[in-house]
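Structure, as structure tokens:
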Amino acid sequence: MSAADLLFVLASLAAVAGAVGVVASKNPVHAAISLMGFFLALSGLYVLLKAPFLAAVQVIVYVGAILVLFLFVIMLLDLRALDRAPRLTGALPYVLAVVLVALVGVLALWPVVGGVARAHPSFGPAPEGFGSTRAMAEVAYRRHALALEIVSVLLLAGIVGAVALAKRRFPDEEGEATEEEGGDVRGGPLPPRHEGAEH
Amino acid sequence: MFTPAHCVLLSGVLFAVGALGVVARRNLIVVLMSVEIMLGAASLALVAFARLRADSTGMEAQALVFFTMAVSAAEAAVGLAILMSLYRQIRTVDSDQADRMRG
């Protein structure tokens, strides 16, 4: 087993551990840290798969932006509301469920994996500079420049949408903007909870 | 030597774990995190197959993963904004409490 194989095993275990940690953590901050481990392990796997540009973008975008966004949201929400006793106590049921689902995933995938193993027994050699920034730029800017621009507009639309959602004022909130202040007061209060919801 | 089959298997396992998180967790923040796990697992499969076809087609697959990352970022931002809007109405992130449209 070469160094690359050992690193692949370590990165795979870290990715699975990170994913399991997200699903099994009771504390959402722990789940966020697990998610960070998952993203970093994925980044390592990209490096092993000769995609260094994607590995860098993975860290910058997922860990540096998306994860931070998750942490901000966790910080801003009042999590005391989540401390009611869950139906199943402890993390053990989650871990068991994750193990079960992973096994089911493996079983369901076995024919696919077998097919891939038969058709492609190993990775071939990769040309020099495969996956580098230059190679990515050649593809993205020459053949998919329109897609790049559309993605930019998509991100702008996402930002505008998020800000628009954040600026909404709800009539139930105390001291919030009224229509005179230019706030956007929507509709009325929510309909009541579903009858017999507590089961 | 790690093979494409190993990568596909790993991708499938990660996707299954993420899908479990989406279905089984009540905390909507964790549900959104699990969606990101599923996206990461799919991207891993794409990168593995890009490595297999280590030519210009492989680079196109890597470009697809790049665009996927950008779309995923936008989706996470909007999804969290929707979650915060919901929180401001029902004062919790428990999905069991989000039942105003039921019945």
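Keeping their order, the protein sequence lines are chains A and B. Residue 1 is where the first sequence starts when you use this note's numbering, and the numbers rise one by one after that. Residue 1 is where the second sequence starts when you use this note's numbering, and the numbers rise one by one after that. Where a beta carbon is used, it is the ideal one built from N, C-alpha and C, also for glycine.
In the pairwise beta carbon analysis, the region 16-31 of chain B is classified as not touching the region 59-70 of chain B: fewer than three pairs are separated by under 8 angstroms. With a beta-carbon spacing of about 50 angstroms, residue 88 of chain B and residue 123 of chain A fall beyond the 8 angstroms limit used to define contacts.
In this structure, A:58 is the residue among A:170, A:76, A:58, A:121 with its C-alpha nearest to the C-alpha of residue 41 of chain A. Against chain A, the beta carbon of residue 34 of chain B has neighbours under 7 angstroms at 22, 23, listed in chain order. With the criterion set as a beta carbon lying under 9 angstroms from some beta carbon of chain B, the members of the region 119-143 of chain A are 119, 120, 121, 122, 123, 124, 125, 126, 127, 130, 131, 135, 136, 138, 139, 140, 143, in sequence order. Taking every protein chain shown into account, the CB of residue 4 of chain B has 16 or more other CB atoms within 10 angstroms, so this residue is buried. Shown in chain order are the members of the region 39-55 of chain A whose Cβ falls below 8 angstroms from a Cβ of chain B: 39, 42, 45, 46, 48, 49, 50, 51, 53, 54. Of the other Cβ atoms in all chains shown, 16 or more fall within 10 Å of the Cβ of residue 28 of chain A; this residue is therefore buried.
Proximity of chain B to residue 35 of chain A at the Cβ level (cut-off 8 angstroms) is accounted for by 33, 36, 37, in chain order. With contact defined as three or more Cβ pairs closer than 8 angstroms, the region 13-20 of chain B and the region 92-102 of chain A are in contact. Chain-ordered, the chain B residues with CB closer than 8 angstroms to the CB of residue 102 of chain A read 13, 16, 17. For residue 63 of chain A, no chain B residue has a C-beta closer than 9 angstroms to its own C-beta; the minimum C-beta separation is roughly 11 angstroms.
Of the candidates B:38, B:73, B:47, the residue whose Cα lies closest to the Cα of residue 152 of chain A is B:73. For residue 58 of chain B, the enclosing alpha helix (DSSP H) starts and ends at 56-90. Here residue 60 of chain A is exposed. Its C-beta has fewer than 16 other C-beta atoms within 10 Å. If you check the CB distance, residue 34 of chain A and residue 47 of chain A do not come in under 9 angstroms.
Per DSSP, reduced to three states, the secondary structure at residue 94 of chain B is strand. In the DSSP assignment, the residues bridged to residue 27 of chain B are B:94.
For residue 49 of chain A, there is no enclosing alpha helix (DSSP H), as DSSP marks it with neither H nor E.
Shown here, residue 3 of chain B sits in coil according to DSSP, grouped into three states, outside any helix or strand. When the alpha-carbon of residue 15 of chain B is set against those of B:2, B:40, B:31, the nearest one is in B:40. Within chain A, 165, 166, 168, 170 have C-beta atoms less than 9 angstroms from the C-beta of residue 85 of chain B, given in sequence order. Residues of chain B whose Cβ lies closer than 7 angstroms to the Cβ of residue 97 of chain A are, in chain order, 20, 24. By the neighbour-count definition (other C-beta atoms within 10 Å, threshold 16), residue 9 of chain A is an exposed residue. Cβ neighbours of residue 53 of chain A within its own chain (closer than 8 angstroms, five residues either side excluded): 131, 132, 133, 135, 136.
In the structure shown, residue 56 of chain A adopts helical secondary structure according to DSSP, grouped into three states. The alpha-carbon of residue 154 of chain A is positioned some 31 angstroms away from that of residue 97 of chain B.
Boundaries of the alpha helix (DSSP H) harbouring residue 22 of chain A: 3-24, taken from the DSSP string. Contacts with chain A (Cβ-Cβ distance below 8 angstroms) from the region 45-67 of chain B involve 47, 48, 50, 51, 52, 54, 55, 56, 58, 59, 60, 62, 63, 65, 66, 67, listed in chain order. For the C-beta of residue 76 of chain B, the chain A residues within less than 7 angstroms are, from N- to C-terminus, 66, 69.
Of A:114, A:18, A:125, the smallest CA-CA separation from residue 8 of chain B is found for A:114.
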